[in-house]
Amino acid sequence: MYKDYWGLTEYPFENLPNPAYLYKSPIHEEALTRLIYAIENRKGAALLTGEIGCGKTTISRLLVQRLGQRNYQLALIENPCLPADDFLKEIMYQFGLKTPSQSKSEMIHQLNDYLYQNLKEGKNTVIIVDEAQLINSSETFEELRLLLNFQLNDRFLLTLVLIGQPELKQKIENMPQLDQRIAIRYHLRPLDIQEMVKFIFFRLKKAGAKRNMFTNDAFRRIYEHSSGIPRKINNICDLSLLLGCGESVKFINTAIVDKSANGSF
Numbered sequence: 003m004y005k006d007y008w009g010l011t012e013y014p015f016e017n018l019p020n021p022a023y024l025y026k027s028p029i030h031e032e033a034l035t036r037l038i039y040a041i042e043n044r045k046g047a048a049l050l051t052g053e054i055g056c057g058k059t060t061i062s063r064l065l066v067q068r069l070g071q072r073n074y075q076l077a078l079i080e081n082p083c084l085p086a087d088d089f090l091k092e093i094m095y096q097f098g099l100k101t102p103s104q105s106k107s108e109m110i111h112q113l114n115d116y117l118y119q120n121l122k123e124g125k126n127t128v129i130i131v132d133e134a135q136l137i138n139s140s141e142t143f144e145e146l147r148l149l150l151n152f153q154l155n156d157r158f159l160l161t162l163v164l165i166g167q168p169e170l171k172q173k174i175e176n177m178p179q180l181d182q183r184i185a186i187r188y189h190l191r192p193l194d195i196q197e198m199v200k201f202i203f204f205r206l207k208k209a210g211a212k213r214n215m216f217t218n219d220a221f222r223r224i225y226e227h228s229s230g231i232p233r234k235i236n237n238i239c240d241l242s243l244l245l246g247c248g249e250s251v252k253f254i255n256t257a258i259v260d261k262s263a264n265g266s267f
């Protein structure tokens, strides 16, 4: 609706996990680096947590994109709220393994054979569980722990990456046997105001912008309303560009930001 008005080729502030729009702030780069380190070095398990809207899912998609270009076999679980047996079936489905009328022990044997075959072929096996805080079954967490028993004397046969909101950390800490298997941990913090401005400029440029559309005061007000959380920043900036177009302004000011943040339009 407002692309032509602002001279854009795309909408810059869509809240979609598009890796092309991931602004690699130092904290996001650190998170990605740690996850890749855990996977490349077969560390067993890694944990990434962060508040709602801080970019965890986008990082998971970028991780899949990076690993997909190399010698990895990946399973991405996006809906982990499943009973333990169904969770195991979903993992096998993601790996392309068939499970018609199989018992749990048969599935485990099949998965074990698959992991060994990957090892022989020089492939790393990775299971990424997004929104892992939604797992509400201790049996499912136990199933995840047992997956880490697939190992040789000197290496794990798979790497488990758990991604979720801060309550995931507490859930795992309540299960010491799983908690002790987490080799790499990282918590995503919100952006500071300087990184927020860079984030906005990055997304505008990606969308074809030839100039800045926000006043300095508007940037400060966006930060006050968003607390540096990328999803909130996107929402406010998107609505601000829409309102600015409707009001035919040249720059987004604090009044427009306030209207966008408060929904008073």
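Take 3 as the starting number for the sequence shown in this note's numbering and just add one per residue.
For glycine and all other residues, C-beta sits at the position ideal for the given N, C-alpha and C.
As the structure is a prediction and not an experimental result, all values here were calculated from the model.
Taken atom to atom, the span from the alpha-carbon of residue 188 to that of residue 250 is near 44 angstroms. In this structure, residue 218 keeps its C-beta atom at 8 angstroms or more from the C-beta atom of residue 203. The C-beta distance from residue 234 to residue 124 rounds to 43 angstroms, too long to meet the 8 angstroms contact threshold. The alpha carbon of residue 122 has as its nearest neighbour, out of 194, 75 and 132, the alpha carbon of 75. Annotated three-state conformation of residue 79 is strand, per DSSP. The C-alpha of residue 220 lies about 17 angstroms from the C-alpha of residue 248.
Counting C-beta atoms within 10 angstroms of its own C-beta, residue 3 has fewer than 16 neighbours from the protein chains shown and is therefore classed as exposed. DSSP places residue 154 in the coil class of the three-state scheme, outside both helix and strand. DSSP, reduced to helix, strand and coil, places residue 251 outside both helices and strands of the structure shown, so it counts as coil. Remark: C-beta atoms of residue 13 and residue 211 do not approach each other more closely than 8 angstroms.
For the 8 angstroms CB-CB criterion, residue 77 and residue 61 do not form a contact.
Beta-bridge annotation (DSSP): residue 166 is paired with 51.
Put simply, of 178, 238, 118 and 240 the residue whose alpha carbon is nearest the alpha carbon of residue 144 is 178. Pairing residue 87 with residue 186, the inter-Cα distance amounts to about 27 angstroms. Per DSSP, residue 195 lies in no beta strand (DSSP E); the unbroken alpha helix (DSSP H) holding it starts and ends at 195–208. Only buried fits residue 27, as 16 or more other CB atoms lie within 10 angstroms of its CB.
Just so you know, the alpha carbons of residue 181 and residue 110 end up roughly 22 angstroms apart. Counting only runs of 3 or more residues that sit fully inside the region 89–155, the beta strand (DSSP E) segments are 126–131, in chain order. Taken in chain order, the unbroken stretches of alpha helix (DSSP H) that lie wholly in the region 209–246 and span 4 residues or more are 218–228.
Judged by DSSP in its simplified three-state form, residue 190 adopts strand. Per the coordinates, the alpha-carbon of residue 35 lies some 27 angstroms from the alpha-carbon of residue 176.
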